[in-house]
Amino acid sequence: MNAQVQQTSDQPDESGHFGEYGGSFVSETLMHALEELREAWLRWRNDDEFMARLDRDLAYYVGRPSPIYYAERLTQHCGGARILLKREDLNHTGAHKINNTVGQNLLAWHMGKQRVIAETGAGQHGVATSTVAARLNQQCVVYMGETDIHRQAINVFRMRLMGAEVRSVTSGSKTLKDALNEAMRDWVTNVDDTFYVIGTVAGPHPYPVMVRDFNAIVGREARKQMLEQYEELPDALVACVGGGSNAIGLFHPFIGDRDVAMYGVEAAGRGLNTEEHAASLCAGKPGVLHGCRTYLLDDQAGQITHTHSVSAGLDYPGVGPEHSWLKDEGRATYVGVTDEETLAATHALSRMEGILPALESAHAIAYGMKLASEMRADQTILINLSGRGDKDVQTLAAIEGLEL
Amino acid sequence: MNAQVQQTSDQPDESGHFGEYGGSFVSETLMHALEELREAWLRWRNDDEFMARLDRDLAYYVGRPSPIYYAERLTQHCGGARILLKREDLNHTGAHKINNTVGQNLLAWHMGKQRVIAETGAGQHGVATSTVAARLNQQCVVYMGETDIHRQAINVFRMRLMGAEVRSVTSGSKTLKDALNEAMRDWVTNVDDTFYVIGTVAGPHPYPVMVRDFNAIVGREARKQMLEQYEELPDALVACVGGGSNAIGLFHPFIGDRDVAMYGVEAAGRGLNTEEHAASLCAGKPGVLHGCRTYLLDDQAGQITHTHSVSAGLDYPGVGPEHSWLKDEGRATYVGVTDEETLAATHALSRMEGILPALESAHAIAYGMKLASEMRADQTILINLSGRGDKDVQTLAAIEGLEL
Amino acid sequence: MSARISASFQEGRCSLIPFITVGDPHVDWTVDIMHALVDGGADLLELGVPFSDPMADGPVIQQSSERAIERGVTLESVLNTVREFREQDQQTPVILMGYMNPVERFGEADFPAAAAAAGVDGLLLVDCPPEEAQVLHQALEQEGLSSILLVAPTTREARLDRICGAASGFIYYVSFKGITGANRLDADALQAPINAIRSRSELPVAAGFGINDAESAQAVAAHSDGVVIGSALVKLLAESEDREDAVGRARDFVASVRQALDNS
Amino acid sequence: MSARISASFQEGRCSLIPFITVGDPHVDWTVDIMHALVDGGADLLELGVPFSDPMADGPVIQQSSERAIERGVTLESVLNTVREFREQDQQTPVILMGYMNPVERFGEADFPAAAAAAGVDGLLLVDCPPEEAQVLHQALEQEGLSSILLVAPTTREARLDRICGAASGFIYYVSFKGITGANRLDADALQAPINAIRSRSELPVAAGFGINDAESAQAVAAHSDGVVIGSALVKLLAESEDREDAVGRARDFVASVRQALDNS
Ligand SMILES: Cc1ncc(COP(=O)(O)O)c(C=O)c1O
Ligand SMILES: Cc1ncc(COP(=O)(O)O)c(C=O)c1O
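Residue numbers (the working numbering), protein chains in the order written: chain A, 1 to 404; chain B, 1001 to 1404; chain C, 2001 to 2264; chain D, 3001 to 3264.
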């Protein structure tokens, strides 16, 4: 494994624009902090010792490399292309999210910031941040919507076990986007000693680039593993898209491989034709949210709309700007998968492979199964299994009317 | 990684005796099945294709090798020997248990048995068995005490998601040992087409040997990693002991390394001087339970006593016979750690390293911390972090008076 | 080997071997029930030594064991029960059936002499195959006690030879793959395996597991030298209202089976 | 750049710039409140365009925005409000303060003309630094609208040059690191940064954030050309009982601050 960054596209420009997307849409108070962060990231990503330390943490703490697993029964069931899974579910804390926090928290540490803050929806990014913060002895405050705090009590408890302070956000929809707003407010207020650890490839420049770089370990590993284990690249990549970090992490190192198709799977919730989904790329318009220009879901007046997905980690009205660019460029294709299809895929993977996927990842599984069945047996699909589903067991049980 | 078995001791004898321990204490009906199993295991463990398949499953499905992690802050905190953790918590399904079920279920498959059964206490072995059974398309029945079914509702749900049938056991203490009895009854009844997947190194021959061999991947990897990463063997190994599979898995490949001290940590519950513990080696006597002669906890009349531990996975009145032998030989030392010490260690590891250990493993951490503080800074302790603590979050919360 | 046991098997008569758990339904009733069983026509008594983890038993005997343990029954009190029984009956053989650990805890070295002194004639340890019991068997032998061994439908030839070589008293054939009390009996399936035993051993062969009434006993008796009835009797006794009722049930049940056997 | 804005800053007099959210506490009251603010002595009005995700605002303005959105306030209705206000008042400059996305959705191309037509004089987009707004600024310029830009305590020299180069109307100095409504004001700390702005720009400098009464306004006025009062006023209005009460509160509050400023 090797955390070194290798460029496979000329995006973004110096100020973080992917075509017309991205940029830095924040209040003036934060502009300097962003500049400082850009400089720090430019410096440390080229620092051998920093990158070696990152590599070590990824190997011995996170447990990388994560394997590529051939889902044989699922493949047979679908009757088409061979289905491979990139096993990010095996990472410490159970998802790709930690690739990013290991990096950002370490950067914070090198920048001398003793305090880290984060926003979280389902709690995965909050757990990933507080986990690494515990290890680096950083003070950690996690903002979380009041509604999510109740829905995700277990993750709240886990964060507290790691010594983090979880702050309840009661504004707006009391969910992820409001937690993000609140984290920004904290950052504005404590900008001197505080590092804001954003959990996906959204936010102002340099976050979309930096978080992509940290997650690109997934795609770099996968590319190497494909060549070593299968002596070819996959014909298609599939990943779910909330903010888009696991997807871009997988996609990015393959962008130059024009024969590798890329599919980002958004949460279609109760259907793209309803108002209850979270599919910014499939059903949204370009706008500005949380520091960048990107596809988002809003009403005619430009107010951000409430989203819905059975999976908390996809329940976000925006998306990383690089995806907006990849969509417009036609390099990646974005599709929606409903709650119902997601649940079916969750059960299918559990029963056929003994792997309980995160509900987020189950979106990718659902689309991957569809796609595989339309492809030839000599073709290969690599699906990013971005996380494990242990965190969703209560949600699944509730859907079946059980209380655990 | 390499699942090949390498012998490092001449135990057991042909009929499974480790000194005076072990053997096959089962009803006549099962004697043939055990013989069949011994023969199958002898055959397949020497079959290159079988072992290659096992290696592949361990690598791509389980996610092996698991790394060795230097717990730097914990080391500093203890102020003595360097503390390293073998990260079995990163395995698929979150514990060492799957090393064994990947092996046994595969063996069942090669023996043509379509149906597997298992007993489970906390649910970890049940989850590990049903997980692999799903993948191999095996019918799977898991026996679980009625009390445990209520305490571990989440794991019950996980098993059902994998397609397993969980059967409630209402006899005796309605916990693990009774589930084991009930599984034996099922096996006696369905011995022709059923493979009994035992979850630890207990039971009649060949289980203690076979389960050890499957788990010895932990110690073989660790030995190699120590030499590669640290260019020396550790001075001491520490592992918790319920039935003893994770401990023997770590210890076994080091048995010939006489300079490596070995510590097995039992559940001292509310104290070894109370009746509420589960420390068969520290406080029990040799006897016969569940198919083998070994140290166990019983009353003066030979009735097996109810045990107690905050950790469900250690809450068992017997122990694998090889540990009984290692104890009498003086090759390994067995100690007890109380519930209270365990909880303190759980919090310590969470706060200092961002790793929430399984309560079972936290016993090993607690003793490892004590031991480290009494050793020199140029010495090294390797602790087996046998599993992650996600499964215990509800228990921990309940102890703090919270309901999640 | 116990003389009482060999005497109890008579040419041309199927031995009737009832099983009860010592101390169930009541500690004080067991000796009376034993006499009643003999009165009813039992040839040999099998006493269950309760164990906390009876792996080979079905729910009826499990629960019976649990009740007995709750009432304080131990291997020692089982021996006392036999001793008390022997005050009036020096003829009917009594064997103990149970699991290894209580014997281990009593002391494998001390047990044979104590059992012999109490008047026990044989020992059947469900979870102890002959391979694990060589020392114990010798000690039992020295005290004149029989080692009753099981043969199962799954027992293969090589083991059968070994078991037949090590057994004494009689050989207990487990009539199906399963646990006590299960309903899987196929009497005709007994012929071949029991013949296989007979071709290797002079010892009488009794069959057990799944025999629960006169009819099934009769069917089994066609192939075996003895029939063991356990769960059915234990269940009947568990439902009794008082000592008198229990004693009556024991006697009547055994008598009805005895009659069926004699008429066949 | 808006003539009304430059006219409103007068030598030797600190401009008083109250901020209210359009539509809060009631859609129908806003125009009356605007007139009342002018009556009380406001020199320039800052109208908050409600946005669902006001990252830079504290709870008072957040909640005010949420209420306004619930009542259906949009950027379009904000323009209507200004248009209505202009029916009686063609003199007092009005600027809009808000976030980027509603402008984006209105149409970055259409907005400047529509705003100008409605009588708006300037635009302050909290989440849009000059680097991201070059096109928009030009379009505003063309329509005679000012681009009000923020300078913060964290703004470093290079950016300060850039902001001073791009701003028009006046420059808004954010008086501390934090969000609107926070209580972190240290008026003396304003002197140095405001001087730094003045050394780079001819534009008047107004300070905002944390000014919540006559006293704090007075302290800030010692260093700046204008003071912006937001949360304190919004909160006061939110507590009003009816239109008349709201109008009275607006007028009286502004008058009291005006008086303090004039007396200093
Ligand atoms: C397992 C998993 N996958 C995917 C996501 C979505 O995030 P992203 O789109 O940034 O990968 C989340 C967010 O919580 C997650 O937990
Ligand atoms: C994580 C973990 N460690 C240890 C154990 C104890 O088992 P053993 O002693 O066989 O390793 C268990 C049992 O459930 C477990 O889940």
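Backbone N, C-alpha and C fix where the C-beta goes; we use that ideal spot for every residue, glycine too.
Start-to-end residues for the beta strand (DSSP E) that takes in residue i
i, result
"B:I1217", "That residue, B:I1217, is in no beta strand (DSSP E); its alpha helix (DSSP H) goes 1207–1225."
"B:C1292", "1292–1296"
"A:T346", "Looking at the DSSP string, A:T346 is not in any beta strand (DSSP E); the run it does join, the alpha helix (DSSP H), is 339–353."
"D:G2952", "What is shown of chain D runs 3001 to 3264, which leaves residue 2952 of chain D out entirely."
"A:N273", "No beta strand (DSSP E) contains A:N273, which DSSP labels as neither H nor E."
Own chain, CB closer than 7 angstroms to residue i, minus 5 neighbours either side, in chain order
i, result
"B:L1180", "E1119, H1290"
"D:G3041", "L3016, V3254, A3255, R3258"
Chain A within 8 angstroms of residue i, Cβ atoms only
i, result
"D:K3177", "yes"
"D:I3095", "no"
"B:G1145", "no"
"B:D1013", "no"
"B:P1067", "yes"
"D:P3112", "no"
"B:M1159", "no"
Own chain, CB closer than 6 angstroms to residue i, minus 5 neighbours either side, in chain order
i, result
"B:L1136", "N1105, W1109"
"B:Q1379", "A1081, D1235"
"D:D3245", "none"
"C:R2004", "P2093, D2121"
"A:G172", "D178"
"A:R223", "P253"
"A:L349", "I355, P357, I365"
Residue j beta carbon less than 8 angstroms from that of residue i
i, j, result
"B:Y1295", "B:S1280", "yes"
"C:L2233", "B:S1027", "no"
"B:V1238", "B:A1364", "yes"
"A:V211", "A:N384", "no"
"A:T75", "A:I83", "yes"
"C:V2205", "C:S2224", "yes"
"A:K391", "A:A133", "no"
"A:Q411", "A:G387", "Residue 411 of chain A falls outside the range modelled here, since chain A spans only 1 to 404, and no answer is possible."
"A:V319", "A:G243", "yes"
Closer than 8 angstroms to chain B by CB, residue i
i, result
"A:S168", "no"
"A:M352", "yes"
"C:A1986", "Nothing can be reported for residue 1986 of chain C: it is not among the residues displayed for chain C, which extend from 2001 to 2264."
Where the alpha helix (DSSP H) containing residue i begins and where it ends
i, result
"A:C78", "72–78"
"A:G368", "359–373"
"D:G3165", "3157–3166"
"C:I2061", "2059–2070"
Own chain, CB closer than 8 angstroms to residue i, minus 5 neighbours either side, in chain order
i, result
"D:E3011", "none"
"D:D3252", "G3040"
"C:L2237", "I2020, D2024, P2025, I2033, A2246, R2249, A2250"
Residue-chain proximity (residue i, chain C), Cβ-Cβ < 8 angstroms
i, result
"B:Q1225", "no"
"B:M1184", "yes"
Counting beta carbon pairs with one atom in the stretch 1164–1171 of chain B and one in the stretch 1133–1151 of chain B, are three or more of them shorter than 8 angstroms? yes
Is there contact between the stretch 1332–1352 of chain B and the stretch 1040–1054 of chain B, where contact requires at least three CB pairs shorter than 8 angstroms? no
Tell me whether the stretch 1315–1332 of chain B and the stretch 1242–1256 of chain B touch, counting them as touching only if at least three CB pairs, one residue from each stretch, are closer than 8 angstroms. yes
I'd like to know if the stretch 1222–1236 of chain B and the stretch 1253–1262 of chain B are in contact, where contact means that at least 3 CB-CB pairs between them fall below 8 angstroms. yes
Check whether the stretch 3134–3147 of chain D and the stretch 59–66 of chain A touch, using three or more Cβ-Cβ pairs below 8 angstroms as the test. no
Give a yes or no on contact between the stretch 2113–2132 of chain C and the stretch 1152–1160 of chain B, applying the rule of three or more CB pairs nearer than 8 angstroms. no
Would you say the stretch 3057–3073 of chain D touches the stretch 3015–3029 of chain D, given that touching needs at least three Cβ pairs under 8 angstroms? yes
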